[in-house]
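Residue numbers (my numbering): 2 to 838.
Cβ atoms here follow ideal geometry from the backbone N, Cα and C, with glycine treated the same way.
Worksheet for the structure shown next.
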Ligand SMILES: *Cc1c(COP(=O)(O)O)cnc(C)c1O
C-alpha cells in the first residue's frame with residue numbers, strides 16, 4: 002500500500018507536516034459528503050470556478066481525516082499547528098497531484114486495459130464490452146460516465162490485483178487534456194468509437210480534435226476503430242502506423258476491405274424493428290465469414306455493438322459463443338429515456354447535452370418511437386457547432402421537417418432570435434428555462450411524444466419533472482445518496498482493516514440489485530453476498546467484479562459458480578462432498594464455511610468440527626477456504642445479548658480448529674447490521690451489512706443517524722363522496738359511516754406488494770404530508786383511503802406508502818411484521834427510480 006510519506010516524490014510537492022502516525026493511502030476523497038472510513042482517506046482540496054476544497058479542511062479533520070493535499074498553505078486556517086495529527090502535502094495543483102497518484106497506482110498492475118474515446122458511444126461501448134467479457138474476465142471499469150480529468154483518476158484508483166481486465170473511457174473538451182488521461186489509463190488496447198461535432202468549439206478543426214483524441218492510443222498494442230470515419234482512419238494511420246501499434250479496422254465499404262485498408266468487412270443483411278442481421282468477413286488472422294444477429298436496430302446501437310463484436314472476434318471468442326453473449330446484451334439507460342408524462346404524453350428525456358450530432362441522434366430516436374399523437378420538440382440553443390447561427394438553425398429546421406416534428410418550443414436567446422428559420426412549424430420561443438416554466442400550461446399538451454433536448458446548463462430536467470408531476474403510477478424511489486450515507490455510517494464504526502460484506506440478496510432488499518451493487522463496487526466494499534447463483538450471474542453480467550458469496554448454492558449450479566467466479570457458502574457435508582467432486586474436474590472458487598452456533602438453520606455444528614477438519618485437511622490441495630461465518634439469532638434484541646455472546650464464544654472455539662486444519666488464516670465474520678452496532682468488539686475480520694444499508698437500524702438505538710433510502714409512492718386516481726350509511730369496497734368491509742366522508746382511491750394493491758393486512762384502518766398513507774387511514778380491504782391493484790380531514794386533496798396527488806414521514810419500522814409494527822418483509826415484497830412490476838441529489 003502506498004504511504005502518505007511517498008507522495009512528495011510522486012507529485013513533486015512539499016511535505017508541510019508529516020502525519021502523527023505513518024499512514025497508508027486507501028481512499029481518494031474529493032467531496033466531504035462522500036467520507037466513509039476516515040482512516041486512510043486522503044483529501045484533495047480541488048479548486049474550481051465555484052468551489053474550493055480548502056474550505057472543508059477543519060470539518061474533515063474533526064471527522065477523523067488525517068491526510069490532506071492542498072494547493073494553498075494560507076488556506077489552512079490556523080496553520081498546520083491547528084491540525085496536530087494531520088499530514089499536509091503542498092502541491093502546485095491538487096488535480097495534477099490526484100492524477101499523478103492514480104497514474105502511479107495504474108503502474109502497479111500489469112494487465113490488459115482497454116481505453117475508449119470518441120465523440121459518442123463511449124459509455125455504451127464500455128458497458129457492453131464489460132457485459133460481453135464478464136464471463137472470461139474480472140473487470141474494473143469506470144462507473145457511469147466517469148471520463149473526465151477527475152473521473153478517470155477515481156476510476157483507475159479502483160484497480161486491484163484481482164482484476165484481469167480494465168475498461169476505462171476518456172472524454173475531453175480541450176487540447177492537451179488527452180495526454181493527461183493517457184498517462185493515467187495507460188491503455189494497452191484502444192477503441193475509437195466515432196466522430197461527431199460535439200465540443201467542436203474547443204478545437205481549431207475536426208482534424209485537430211481527432212489528433213488530440215488519438216493521443217490516448219500512443220502506446221496501445223492494438224487499436225479498434227471503424228475505417229468509414231475517414232478522418233479517424235487517416236489520423237490513425239499517420240500517427241500510429243510507424244509505431245508497433247496494430248490497427249484493427251472494420252468497415253462497411255467493400256473497396257476499403259479489398260484494398261486491405263480494413264480487416265473486417267461488415268454488411269447489414271437484414272434489419273427489422275428490433276434486430277439487425279450482419280454478415281462479417283475477416284481477413285486476419287485467417288479468412289473467415291460469419292453471420293450474427295444484433296438485438297438492436299437503431300444506427301447508434303448497431304455501431305456501438307459492432308465495435309464490441311470486432312473486439313470479441315479479435316479475441317478469438319467462438320462465433321456461437323459471441324452470438325449467445327450478444328443475445329443477452331442489455332441496453333444501457335443513459336441519456337434517452339422514455340418517460341410517461343401527463344395528459345397521455347410521453348417525454349423522451351435527453352437533457353444531457355445539445356450539439357448538432359447529439360440532436361441528430363435524438364431526433365432519430367424520436368422518429369423511431371411508435372407514433373403516439375404528434376411529435377414535439379423542446380430544444381435549447383444548439384451549442385458548439387462552429388457554424389454561423391443563421392446557417393445552424395436553418396439546418397436544424399430542415400432536420401425537424403425531415404423527422405416529422407410538428408411542434409417546437411425553443412428556449413434560449415439564440416434560437417429565439419432565429420425563430421424565423423422554423424416557419425413551417427407550430428413554434429413558441431422563450432429566452433430561458435424559467436420563462437418557459439412560468440408560462441407552462443399542462444393543458445396545452447395532449448397525446449404527444451415530446452423530445453426534451455437541451456444542454457446541461459439549461460437545467461431541462463426541471464421541464465421533464467414538470468411534465469411528470471401528475472402522472473399516474475406507482476414507483477419505488479431509491480435514493481442513492483442516502484444509501485451511501487448509510488454505508489458510511491457503518492463504515493465509520495469499523496476498525497481499520499475490518500472488511501465489509503454487503504448483502505444484496507433478494508434484489509438488494511427490493512431496491513434493485515444491479516444499481517445498488519454498482520454503487521457499492523464504486524465505493525469499494527470488499528464483498529457482496531446473494532442468496533442464489535443466478536443472482537450472482539446476473540450481477541456478473543452487469544459488470545460487477547467484486548468477490549461474491551452465494552448463500553444457497555445448489556449442486557446443479559456449481560458450473561455457474563466456476564464460470565462466474567462465485568464463491569459458495571458450504572453448510573453441510575453433502576454439499577461439501579458434491580463440491581469436492583466438482584473440484585476434481587477443475588479448480589473451483591474458494592468457499593465460505595457456515596458454522597451453526599445457535600441459529601439452528603444451516604451450518605456445521607460444533608460436534609461436526611473434527612470431521613469437517615479431517616475433510617478440509619485431506620482435500621487441502623483442491624479446496625480453498627476464504628472464510629468462516631456464523632449468524633446470530635437475536636442480534637437486534639437486547640434480551641438475547643447473553644445468547645449472542647454464547648454464540649460468539651462458540652464461534653471463537655470452532656474457528657481456530659478450522660484454521661489449524663487448513664494451515665492458513667481465513668476471514669472470520671459473524672455480525673449483521675444490528676450486530677455491528679451492538680457488538681463493536683466482535684467485528685472480527687469482516688461484518689455483513691444488510692438492512693442497515695437500506696435505512697433501517699435494526700436495534701432501534703441509532704435510527705436517527707440513518708437516512709431512509711426507499712420511498713414507495715403512488716397517486717390518487719379518483720376522489721368520491723361517501724354519504725352516511727354506505728360502505729367501501731369488497732365484502733363491504735369498510736364500515737358504514739355515520740357522517741359523509743371523502744374517500745380517495747389510490748393506485749396500489751396487493752399485487753404491487755402492498756400487504757392486505759393494512760386494510761380496514763390498520764394502515765395509513767401520506768397525502769399532502771398528512772395521514773390518511775385505509776378504508777375497506779386492499780384490492781389487487783388499488784385501495785381506498787379516507788381523506789375527509791385533508792380537504793385540499795385531489796385526484797392526481799401523490800400518496801406516500803412509506804418513506805420520509807412514514808417509516809418502515811412503524812408500518813411493519815402495525816401489521817406485526819418486520820421492515821425486511823415490507824421492503825422485499827414490493828413487486829417487480831413497481832418501477833424503481835434511482836435518484837441522487
Ligand atoms: C441477510 C443476512 C445478513 C444481513 O442481515 P441484516 O439483518 O439485514 O443486516 C447477514 N448475514 C446473513 C447470513 C444473512 O443471511
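First and last residue of the alpha helix (DSSP H) that includes residue 300?
Sequence index remark: in the chain shown, residue 300 carries index 299 (1-based). Looking at the DSSP string, the run of the alpha helix (DSSP H) that includes residue 300 is 300 to 315.
With a floor of 3 residues, list each beta strand (DSSP E) that falls wholly inside the segment 724 to 766, ordered by position along the chain.
Runs found: 742 to 747.
For residue 195, count neighbouring C-beta atoms within 10 Å of its own C-beta (all shown protein chains included) and say buried if the count is 16 or more, exposed if not.
By 1-based counting over the chain shown, the position of residue 195 is 194. Buried, since its Cβ has 16 or more Cβ neighbours within 10 Å.
What's the C-alpha gap between residue 154 and residue 174?
Position 153 of the chain shown holds residue 154. Position 173 of the chain shown holds residue 174. Roughly 17 Å between the two C-alpha positions.
Spatial neighbours of residue 633 within its chain, please: C-beta separation below 6 Å, excluding the five flanking residues on both sides.
Mapped onto the chain shown, residue 633 falls at position 632. Here the set comprises 645, 648 and 676.
Compute the Euclidean distance between the alpha carbons of residue 330 and residue 539, then round it to the nearest angstrom.
What you label residue 330 is simply residue 329 of the chain shown in a count that begins at 1. What you label residue 539 is simply residue 538 of the chain shown in a count that begins at 1. If I take the Cα positions, the gap works out to 12 Å.
Are the CB atoms of residue 536 and residue 479 nearer to each other than 9 Å?
For the purposes of this step, residue 536 is taken as residue 535 along the chain shown, with counting starting at 1. For the purposes of this step, residue 479 is taken as residue 478 along the chain shown, with counting starting at 1. No, the pair does not count as a contact, with Cβ atoms beyond the cut-off.
When you compare only the Cα positions, how much space is there between residue 787 and residue 830?
By 1-based counting over the chain shown, the position of residue 787 is 786. By 1-based counting over the chain shown, the position of residue 830 is 829. Each residue's Cα considered, the two are about 26 Å apart.
I need the straight-line Cα distance from residue 494 to residue 560, nearest angstrom please.
By one-based count along the chain shown, residue 494 stands at place 493. By one-based count along the chain shown, residue 560 stands at place 559. Whole-angstrom Cα-Cα distance: 38 Å.
In this structure, does DSSP put residue 819 in helix, strand or coil?
Indexing the chain shown from 1 puts residue 819 at position 818. Three-state result, residue 819: coil.
Rounded to whole angstroms, what is the Cα-Cα separation between residue 603 and residue 630?
Counting from one through the chain shown, the residue named residue 603 turns up at place 602. Counting from one through the chain shown, the residue named residue 630 turns up at place 629. So the alpha carbons of these two residues sit roughly 11 Å apart.
Here's a check: name, in chain order, each residue in its chain whose Cβ is nearer than 6 Å to the Cβ of residue 549, leaving out the five neighbours to either side.
In the chain shown, counting from the first residue as 1, residue 549 sits at position 548. Cβ neighbours of residue 549 beyond the five flanking positions: 529, 537 and 567.
Name, in chain order, the residues that DSSP records as bridge partners for residue 53.
As a first step, residue 53 is located in the chain shown; it is residue number 52 there, counting from the start. According to DSSP, residue 53 bridges with 48.
Please confirm if the segment 108 to 118 is in contact with the segment 83 to 94, defined as three or more CB-CB distances below 8 Å between the two stretches.
The segment 108 to 118 is not in contact with the segment 83 to 94.
Verify whether the separation of the beta carbon atoms of residue 919 and residue 224 is less than 9 Å.
Not covered by the structure: residue 919. The range shown for the chain is 2 to 838.
Return yes when at least one heavy atom of ligand 1 lies under 8 Å from the C-beta of residue 701, else no.
Mapped onto the chain shown, residue 701 falls at position 700. Flag unset: Cβ of residue 701 not near ligand 1.
Residue 297 and residue 279 look like a contact to me (Cβ under 8 Å); what is the Cβ gap, rounded to whole Å?
Position 296 of the chain shown holds residue 297. Position 278 of the chain shown holds residue 279. Contact doesn't hold; Cβ gap of about 11 Å is too wide.
Could you tell me whether any non-hydrogen atom of ligand 1 is closer than 8 Å to the CB of residue 216?
As a first step, residue 216 must be located in the chain shown, where it is residue number 215. No - ligand 1 has no heavy atom lying nearer than 8 Å to the Cβ of residue 216.
Going by alpha carbons, who is nearest to residue 383 out of 347, 454, 340 and 422?
For the purposes of this step, residue 383 is taken as the residue at position 382 of the chain shown. Answer by Cα proximity: 454.
Residue 473 by DSSP, collapsed to three states: which one?
If you number the chain shown from 1, residue 473 lands on position 472. The predicted position of residue 473 is uncertain, since its pLDDT is 49 and thus under 50; a value taken from the coordinates is nonetheless stated next. Residue 473 falls in the coil class under three-state DSSP.
Could you tell me which of 652, 755, 622 and 585 sits nearest to residue 596, measuring between CA atoms?
Position 595 of the chain shown, counting from 1, holds the residue named residue 596. Out of 652, 755, 622 and 585, 652 has the C-alpha closest to the C-alpha of residue 596.
At a threshold of 8 Å, does residue 691 count as lining ligand 1 (C-beta to nearest heavy atom)?
The count along the chain shown starts at 1 and reaches residue 691 at position 690. Answer for residue 691: yes, Cβ within range of ligand 1.
Tell whether a beta-carbon distance below 9 Å holds between residue 757 and residue 766.
Residue 757 sits at position 756 when you count from the first residue of the chain shown. Residue 766 sits at position 765 when you count from the first residue of the chain shown. The answer is no: Cβ separation not under 9 Å.
Is residue 630 near ligand 1, going by C-beta to nearest heavy atom under 8 Å?
Here residue 630 corresponds to residue number 629 of the chain shown, with the count starting at 1. For ligand 1, at least one heavy atom lies less than 8 Å from the Cβ of residue 630.
Excluding the 5 residues flanking residue 409 on each side, which residues of the same chain have their C-beta closer than 6 Å to its C-beta?
Here residue 409 refers to the residue found at position 408 of the chain shown. Excluding residues within five positions, the ones whose Cβ falls inside 6 Å are 378, 423, 426 and 428.
Could you check which residue in 319, 61, 799 and 253 has the C-alpha nearest to that of residue 476?
Taking the chain shown and counting its residues from 1, the one referred to as residue 476 is at position 475. Out of 319, 61, 799 and 253, 799 has the C-alpha closest to the C-alpha of residue 476.
Apart from the five residues just before and just after residue 242, which ones in its own chain have a Cβ nearer than 8 Å to its Cβ?
Numbered from 1 along the chain shown, position 241 holds the residue referred to as residue 242. So the list reads 248, once near-sequence residues are dropped.
Identify every residue that forms a DSSP beta bridge with residue 42.
To locate residue 42, count along the chain shown from 1; it is residue 41. Residue 42 pairs with 28.
If I follow the unbroken beta strand (DSSP E) through residue 783, where does it start and stop?
Here residue 783 refers to the residue found at position 782 when the chain shown is read from its first residue. Residue 783 -> no beta strand (DSSP E), and no H or E assigned at all.
I need the boundaries of the alpha helix (DSSP H) containing residue 149, first residue and last residue.
Position 148 of the chain shown, counted from the first residue, corresponds to residue 149. Looking at the DSSP string, residue 149 is not in any alpha helix (DSSP H), and its letter there is neither H nor E.
Can you round the beta-carbon distance between residue 42 and residue 30 to whole angstroms, since I take them to be within the 8 Å contact cut?
If you number the chain shown from 1, residue 42 lands on position 41. If you number the chain shown from 1, residue 30 lands on position 29. Contact holds; Cβ gap of about 5 Å.
Across which residues does DSSP place residue 227 in a beta bridge pair?
The sequence position of residue 227 within the chain shown is 226, counting from 1. Residue 227 is bridged to 251.
Does the beta-carbon of residue 781 have 16 or more other beta-carbons within 10 angstroms, so that it is buried, or is it exposed?
Locating residue 781 in the chain shown gives position 780, where the first residue counts as 1. With fewer than 16 other Cβ atoms within 10 Å, it is exposed.
Sorry if obvious, but does the Cβ on residue 2 come closer than 8 Å to a heavy atom of ligand 1?
Your numbering for residue 2 matches position 1 in the chain shown. It does not: the Cβ of residue 2 is nowhere closer than 8 Å to a heavy atom of ligand 1.
Could you check whether residue 796 and residue 719 sit closer than 9 Å to each other, using their CB atoms as the reference points?
Within the chain shown, the letter at position 718 stands for residue 719. Within the chain shown, the letter at position 795 stands for residue 796. Closer than 9 Å, so yes.
Can you tell me whether residue 674 sits near ligand 1, meaning its C-beta is under 8 Å from at least one heavy atom of the ligand?
Counting from 1 along the chain shown, the entry for residue 674 is found at position 673. Within the cutoff, so yes.
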